[in-house]
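These protein sequences, in sequence, are chains A and B. Letter 119 of the first sequence, counting from 1, is numbered 119 in the working numbering, and no numbers are missing. Letter 94 of the second sequence, counting from 1, is numbered 94 in the working numbering, and no numbers are missing. Ideal Cβ positions, reconstructed from N, Cα and C, are used throughout, including at glycine. Since this is a predicted model, take the numbers as computed values, not measurements. Following: one structure in C-alpha cells, then a few remarks.
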Amino acid sequence: MAGGKGSSDLSQRLAAFKDKHGDTVRVDELGEFVGSLVDAATDDLLAADRKLFEEVEALALFIQSAKKEIAALRPDDVKDKFIPSATDELDAIIEATANATNEIMDAVEIVEGVMDAVEGTSADMLGDATTKIYEACTFQDITGQRITKVVKALKDIEARVDGLLGAFGDEIEKHASVAPKPGKKKKKGEITDEDLLEGPQLPSSAKNQAEIDALLASFE
Amino acid sequence: MAVDKNMKVLIVDDYKTMLRILRNLLRQLGFNNVEEASDGAQALQQIGQHKFGLIVSDWNMEPMTGIQLLREVRGNAETKHIPFIMVTAESKSENVIAAKEAGVSNYIVKPFNAETLKAKMVSVLGEF
C-alpha cells in the first residue's frame, strides 16, 4: 500500500544513503546498498509468513474442535432417529384427531336423525347444540394444517442436517464413533425407568387391549 | 328473487372432515344438493359437468389451490358468474386482497361458525 511502513523505511534509507554518498555513487557501494535492502525485506517477509502460519494453524484447530463438538451432538441421530420419530408422532396426531372428529360427527348425525321426532323448544335447542358441535369440529382442520406446517419445518431441518453431514463427510462419522450417545450409560439389555416413559405408541407399534390381556394372561 | 335451496353447491377442501362439516352446516341451512371436491383441479372437472349455484372453497390445496380455481372460474365465460366464497385459514391482508382482485364474492376465515357462513351466503345469494 502506498505510504505504508515499508515505503517510509525505504525513503529514510535512501535519504541516509544520499547524505553519506551524495548524488554520485560507485557501483560496489550501490550493490552493497541494494543487498542490505533485500536482507531487510526478507526478514520482514519471514515475520509475516510466520504470523500467517500461526493464524492458519489456529484456524485448523478451531475447525477440528468445531467438528468434535458437532459430532458430540450426534447429527446422525438427529437425522436418522429424532426427526423421523417426531414427524411420525405428528402424523399420528393428525390421524387421531381426524378419527375422533369423524366419530363425533357420526354421533351428531344420529342425533339429527331422531330430531324429527322432537318438536318445539327442545327441537330448537337440539338443533343449536348440533350446530355448535359441527362448528367446534373445525378445530381438526386448523390443528391439521398447523401440524403439517411443523412437519414441513422438521423435514427442512432434516435436509439441512443431511447437507451438514455430507459436507463433513467421514470426519463426523470418525468423531461420532468416539462420542458417547446422550443419555445414561446402561448395561446391555437393561431396561431403565426412562425407557418405560415413551408415552403413547404409534398405531403401527402399539399393542391393542386383546394383546395386553393375552400378555397378562401368559403370566398366570 | 328467492334463493333456490335446491341449487347445487360445490364444496372444495382437501380435509375430508372439513368437507363433512361444511356439508352438515349447509344441510342445517337447508341446502341438501351438495357436491364435493378435494382440490381445485377436481372442482374444475365437477364444474364442467354440473351447473353450480355456489362454490365454497378452501385456499390451501394441492395440486390446484383455491385462488387458482377462482381465477379459472372467473376466466371462463360459462362460469364467471358463479358466486365463490373462500373459506380458509389464510388470514393475511395480502391473501384477502389477492382473492378480491381475483373476483372472490366473499371470504370466511377458519375457524368459522354457522352464523358467519350463513351471513356470507346471504350477502352473496340474498336472503333465504
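- Where B:S57 is concerned, there is no enclosing alpha helix (DSSP H), although the beta strand (DSSP E) around it starts and stops at L54 to S57.
- Straight across, the Cα-Cα distance linking A:L126 with A:S218 is about 49 Å.
- B:I85 sits in a strand when the DSSP states are folded into three classes.
- In the DSSP assignment, B:E36 is bridged to B:I11.
- Taking 9 Å as the cut-off between beta carbons, the residues of the stretch 78-106 of chain A near chain B are T97, A98, T101, N102 and M105, in sequence order.
- The beta carbons of B:I108 and A:Y134 sit no closer together than 7 Å.
- With contact defined as three or more Cβ pairs closer than 8 Å, the stretch 77-97 of chain B and the stretch 41-58 of chain B are in contact.
- Burial of B:L70 is indicated by the presence of at least 16 other C-beta atoms within 10 angstroms of its C-beta.
- Excluding sequence positions up to five before and after B:I67, its CB lies within less than 7 Å of the CB of W59, A98, A99 and A102, all in the same chain and listed in chain order.
- At a Cβ-Cβ threshold of 7 Å, B:P63 and A:T138 do not count as neighbours.
- Between the beta-carbon of A:E119 and that of A:T130 there is about 16 Å, and that puts the pair past the 8 Å contact cut.
- With the rule of 3 Cβ pairs closer than 8 Å, the stretch 25-42 of chain B counts as touching the stretch 1-12 of chain B.
- Going by DSSP, A:I191 is part of no alpha helix (DSSP H) at all; its letter is neither H nor E.
- In this structure, DSSP gives A:V38 a helical state, which the three-state scheme calls helix.
- With contacts defined as CB atoms closer than 7 Å, B:K5 and B:F31 qualify as a contacting pair.
- A check of alpha carbon separations from A:M105 across A:D91, A:E89 and A:A136 identifies A:A136 as the nearest.
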